[in-house]
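S.K.: Let me begin by handing over the structure; questions about it come next.
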Amino acid sequence: MNYPEYRPRRLRLSATVRSLVRENTLATTDLIYPLFIKPGTNLRDEVSSMPGVFQLSLDQLEHEIQELKQLGISTAILFGLPSDKDARGSEGFADDGIVQEAVRVIKAAHPDFFVITDVCLCEYTDHGHCGLLDKDGYVQNDPTLTLLAQVALSHARAGADMLAPSDMMDGRVEAIRQALDSEGFINTPIMAYSAKYASGYYGPFRDAADSTPSFGDRAQYQMDPANADEAIREAALDVSEGADIIMVKPALAYMDIISSLKREFGYPTCAYNVSGEYAMVKAAAANDWIDEKKVVMETMMGFKRAGADLIITYHAKDIARWLADSDLV
0 MNYPEYRPRR
10 LRLSATVRSL
20 VRENTLATTD
30 LIYPLFIKPG
40 TNLRDEVSSM
50 PGVFQLSLDQ
60 LEHEIQELKQ
70 LGISTAILFG
80 LPSDKDARGS
90 EGFADDGIVQ
100 EAVRVIKAAH
110 PDFFVITDVC
120 LCEYTDHGHC
130 GLLDKDGYVQ
140 NDPTLTLLAQ
150 VALSHARAGA
160 DMLAPSDMMD
170 GRVEAIRQAL
180 DSEGFINTPI
190 MAYSAKYASG
200 YYGPFRDAAD
210 STPSFGDRAQ
220 YQMDPANADE
230 AIREAALDVS
240 EGADIIMVKP
250 ALAYMDIISS
260 LKREFGYPTC
270 AYNVSGEYAM
280 VKAAAANDWI
290 DEKKVVMETM
300 MGFKRAGADL
310 IITYHAKDIA
320 RWLADSDLV
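Residue numbers (numbering that gives the first Met the number 0): 0 to 328.
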């Protein structure tokens with residue numbers, strides 16, 4: 000394979016030939032859109048650090064789902080902002096909790112729309128951590144598993160199509176799988192946040208979900224950004240415990256992890272393009288420092304090239320519009 004016999008530019012000459020030999024593609028069916036649900040009525044409150052992203056009351060969901068479906072986006076992941084918080088995160092597993100009610104509202108009007116729910120406690124605890132605390136402020140692993148299983152069951156009973164535990168407690172996938180199976184939800188899949196790093200990219204999300212810890216950080220249970228081999232061990236545990244999809248969060252600085260997990264397990268793999276990644280692009284684009292469309296699409300293709308099958312992204316609506324209007328990808 001030598002020049003001049005082999006000329007790679009021959010296959011870059013036109014848009015048609017580039018499309019024919021393209022190794023990776025992006026479609027709206029790859030995209031999952033995050034939704035933040037809050038109590039109240041007629042509320043559509045923009046998150047100041049995430050332009051174009053809103054906290055929605057239940058009565059706003061009909062319009063939101065209609066828009067997503069019209070754009071060709073068939074899946075959303077729900078995050079809840081409760082009316083009350085306590086040390087146990089009780090509203091997270093209440094039958095009338097905000098996420099449970101949101102699932103019912105969506106599925107009643109759009110039974111074909113695929114609803115994933117985030118399974119965690121940080122949005123519901125008054126201390127902002129992902130589990131039960133002991134007297135010294137340590138997040139207790141095994142007692143938290145019981146509550147996470149209750150959260151998962153309450154979401155499944157409400158009609159959630161898939162559950163996504165994001166807490167990073169050891170053994171939570173097995174606890175949730177066993178709880179689901181015991182109540183007959185054997186066909187409800189689990190998308191595990193398998194490699195979730197203690198990242199600086201989450202700042203805007205904590206504004207959106209009102210989930211900033213009241214003390215300390217989450218480094219005692221989320222992963223060290225310096226570690227890669229640990230991600231394989233974490234994902235191996237989740238796979239062995241019954242995860243159907245594995246996830247890497249954040250995505251932009253962790254494409255090597257996406258690639259490693261895809262090669263190691265061959266499982267459906269999700270990349271979470273997180274709030275800080277979104278906010279940086281929006282801020283740079285607002286200042287005309289970058290071409291937003293080109294940068295976002297290039298980033299998405301990077302996730303696909305790394306091995307992501309699914310992408311959770313706040314850019315999903317814009318991407319869907321660009322895909323409809325352009326042959327860029």
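Even for Gly, the Cβ is constructed at its ideal location relative to N, Cα and C.
Roughly how many angstroms lie between the CA atoms of Thr312 and Ser181, to the nearest whole one?
M.R.: Indexing the sequence shown from 1 puts residue 312 at position 313. Indexing the sequence shown from 1 puts residue 181 at position 182. Their Cα atoms are separated by approximately 33 Å.
S.K.: Please list the terminal residues of the continuous alpha helix (DSSP H) segment that includes Glu229.
M.R.: Residue numbering aside, residue 229 sits at position 230 when the sequence shown is read from its first letter. Run containing Glu229: 228-240, per the alpha helix (DSSP H) assignment.
S.K.: Which residue from Pro267, Ala191, Ser258 puts its Cα closest to that of Glu233?
M.R.: Within the sequence shown, numbered from 1, the residue matching residue 233 stands at position 234. Nearest option by C-alpha distance: Ala191.
S.K.: Just grab the DSSP bridge partners of Thr74 for me.
M.R.: Locating residue 74 in the sequence shown gives position 75, where the first residue counts as 1. Answer is Phe113.
S.K.: Between the alpha carbons of Gln219 and Trp288, how many angstroms are there, rounded?
M.R.: For this step, residue 219 is matched to residue 220 along the sequence shown. For this step, residue 288 is matched to residue 289 along the sequence shown. Straight-line Cα distance between these residues: approximately 37 Å.
S.K.: For Ala307, count neighbouring Cβ atoms within 10 angstroms of its own Cβ and tell me buried if that reaches 16, exposed if not.
M.R.: Along the sequence shown, read from residue 1 onward, the residue named residue 307 stands at position 308. By the neighbour-count rule (16 or more Cβ atoms within 10 Å), Ala307 is buried.
S.K.: Of all the options Ile310, Asp317, Pro249, which has the alpha carbon lying nearest to the alpha carbon of Ser293?
M.R.: For the purposes of this step, residue 293 is identified with residue 294 of the sequence shown, where counting begins at 1. Note that residue 293 is Lys in the sequence shown here, rather than Ser. Per the Cα distances, Asp317.
S.K.: Alpha carbon to alpha carbon, how far is Ala26 from Ala319?
M.R.: For this step, residue 26 is matched to residue 27 along the sequence shown. For this step, residue 319 is matched to residue 320 along the sequence shown. Their Cα atoms are separated by approximately 8 Å.
S.K.: Kindly indicate which residue of Thr28, Pro38, Pro50, Asp324 has the alpha-carbon position closest to the one of Gly96.
M.R.: Stepping through the sequence shown from its first residue, residue 96 is reached at position 97. The option with the nearest alpha carbon to Gly96 is Pro38.
S.K.: Of the residues Ala227, Asp169, Glu122, which one's Cα is nearest the Cα of Thr145?
M.R.: Locating residue 145 in the sequence shown gives position 146, where the first residue counts as 1. Among Ala227, Asp169, Glu122, the Cα nearest to that of Thr145 is on Asp169.
S.K.: Taking the alpha-carbon positions, what's the Asn286 to Val280 distance?
M.R.: Here residue 286 is taken as the residue at index 287 of the sequence shown, counted from 1. Here residue 280 is taken as the residue at index 281 of the sequence shown, counted from 1. In a straight line, the C-alpha of Asn286 is about 10 Å away from that of Val280.
S.K.: Going by other Cβ atoms of all chains shown within 10 Å of its Cβ, with 16 needed for buried, is Lys248 buried or exposed?
M.R.: Indexing the sequence shown from 1 puts residue 248 at position 249. By the neighbour-count rule (16 or more Cβ atoms within 10 Å), Lys248 is buried.
S.K.: Cutting at 6 Å between CB atoms, please list the residues of its own chain near Ser48, excluding the five before and the five after it.
M.R.: Taking the sequence shown and counting its residues from 1, the one referred to as residue 48 is at position 49. Same-chain partners within the cutoff: Pro203, Asp206, Ala278.
S.K.: Excluding five sequence neighbours on each side, which residues of the same chain lie with their C-beta closer than 8 Å to the C-beta of Ile64?
M.R.: Reading the sequence shown from its first residue, position 65 is the one you call residue 64. Taken in chain order, the residues that qualify are Ala75, Ile105, Ala108, His109, Phe112.
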